[in-house]
Amino acid sequence: MVSLTAVSVPFRIAFDVQDGVAFYATDRLSDVCFVLDVFLSFCTTYIDDTGVEITDRFQIRRHYLKTSFFVDVVSTIPFDFLLEALTVGAVFRSLKLIRTVKLMKLLRLVRLSKLFKMKSQWMSEFDINVDTVRLLKLLAPVMIISHYVGCFWYYISANKTKDNAWWGRVHFDDPESIISKYIASIYWAITTMTTVGFGDIYAVNDYEKAYCVLVVIGGTTLFAYVVGTVIEVTSNSSSLMNREHEMVQRVNAYIKERGVSSEFIVACHEHLRFVDVLSVDQEAQVVARL
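Counting with our numbering, you get residues 91 to 380 for the letters of the sequence shown.
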């Protein structure tokens, strides 16, 4: 549901997609799921800083209230549904206020951190290579950022005249097709962020030019980070990561041969992660004393 929200909300706002029955049902279903997630979070155990699983209900509730409770509640409230129910007439809707309020749902992206914390469990259950996970963790944010950059590229000039917008200088096979405009927007976003920039799609008005400057600066930084990470993964230049990767692979091979339960596999990976972090902290303290 979080991934669906991350993709659909900016697309629907940027391209002014009308909310049909399918979108409405999906929104309400996601609202219900996120409400249930808030209640379940009060009963879900967590691992503290010492590597111990906390099962006490009072400590669980206190930990959740101190961490992500506020953001979860704010992101769960269906502001668009409440605003649509309270407003009468087309005055507010002509200002697209309801669609803009949908941006509040993007706060749900914070919950993706919970998925990243389950990385070790997925790796053990599906026997995924550590380097593959690192590349996937790199690819997913890049694709999401490209999606957002492309959607906003169209949004800033969606209400401009054809002669004063970038989309007025581009040939579309179907000028009325939202998909064609979306593909062109993503095409511009990726080519600009990767510093290719073919020049067939370019800024026309001042807003587009200012946005281009920001995208080029951010895209250059992101591209450098991506290239550096890929080189590090392929060359295995980090000795610390090599040690962790080798240990994880050995553990995976051993427990796979023994045929132990998935719960035991997850516990092994959590123990390795805790020991590795603890050893790094101790090493840092020794270096600091020297």
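Note that CB positions come from ideal geometry on N, CA and C, so glycine has one too.
Could you tell me if residue i is buried or exposed, where buried requires 16 or more neighbouring beta carbons within 10 angstroms of its beta carbon?
{"i": "G240", "result": "buried"}
{"i": "S351", "result": "exposed"}
{"i": "S325", "result": "exposed"}
{"i": "I355", "result": "buried"}
{"i": "H361", "result": "exposed"}
{"i": "D264", "result": "exposed"}
{"i": "V289", "result": "Looking at the sequence provided, one finds Gly at residue 289 rather than Val. Exposed, since its Cβ has fewer than 16 Cβ neighbours within 10 Å."}
{"i": "T381", "result": "Residue numbering for the chain in the displayed model covers 91 to 380; residue 381 lies beyond these limits and cannot be assessed."}
{"i": "G309", "result": "buried"}
{"i": "F124", "result": "buried"}
{"i": "V111", "result": "exposed"}
{"i": "V99", "result": "buried"}
{"i": "V338", "result": "buried"}
Would residue i and residue j be called neighbours here (beta carbons separated by less than 9 angstroms)?
{"i": "S158", "j": "S131", "result": "yes"}
{"i": "S270", "j": "F262", "result": "yes"}
{"i": "F105", "j": "Y272", "result": "yes"}
{"i": "I234", "j": "V97", "result": "yes"}
{"i": "L312", "j": "V232", "result": "yes"}
{"i": "R118", "j": "C133", "result": "no"}
So residue i packs on residue j, CB below 8 angstroms; how close in whole Å?
{"i": "Y297", "j": "S236", "result": "That belief does not hold up - the Cβ atoms of Y297 and S236 are roughly 20 angstroms apart, past 8 angstroms."}
{"i": "V294", "j": "N254", "result": "6 angstroms"}
{"i": "I150", "j": "T166", "result": "Between T166 and I150 the Cβ distance is about 19 angstroms, and since that is not below 8 angstroms, they are no contact."}
{"i": "I103", "j": "Y245", "result": "7 angstroms"}
{"i": "W256", "j": "Y292", "result": "7 angstroms"}
{"i": "V128", "j": "D170", "result": "Not really, about 18 angstroms apart at Cβ, beyond 8 angstroms."}
{"i": "P88", "j": "D121", "result": "Nothing about residue 88 can be read from this structure; the chain reaches only from 91 to 380."}
Taking only runs that begin and end inside the segment 286 to 362, name each unbroken alpha helix (DSSP H) of 4 or more residues, in chain order.
Complete alpha helix (DSSP H) runs here, min 4: 296 to 325, 329 to 348.
Unbroken alpha helix (DSSP H) runs of length 4 or more, entirely within the segment 214 to 254: which are they?
Entirely contained in the segment 214 to 254, the alpha helix (DSSP H) runs reaching 4 residues are, in chain order, 220 to 245.
Contact between the segment 136 to 146 and the segment 270 to 289 (3+ Cβ pairs under 8 angstroms)
Contact check between the segment 136 to 146 and the segment 270 to 289: fewer than three CB pairs, one atom from each, fall below 8 angstroms, which does not count as touching.
Below 8 angstroms, how does it come out for the segment 305 to 324 and the segment 342 to 351: are there three or more Cβ pairs, yes or no?
Judged by pairs of C-beta atoms under 8 angstroms, the segment 305 to 324 does not touch the segment 342 to 351, as fewer than three such pairs exist.
I want to know whether the segment 282 to 297 touches the segment 222 to 231 - three or more CB-CB distances under 8 angstroms.
A contact is defined here as three or more CB-CB pairs under 8 angstroms, and the segment 282 to 297 fails this definition with respect to the segment 222 to 231.
Write down every uninterrupted run of the beta strand (DSSP E) in the segment 122 to 151 whose length is 3 residues or greater and which is fully enclosed by it, in chain order.
Annotation: the segment 122 to 151 contains no complete segment of the beta strand (DSSP E) (minimum length 3 residues).
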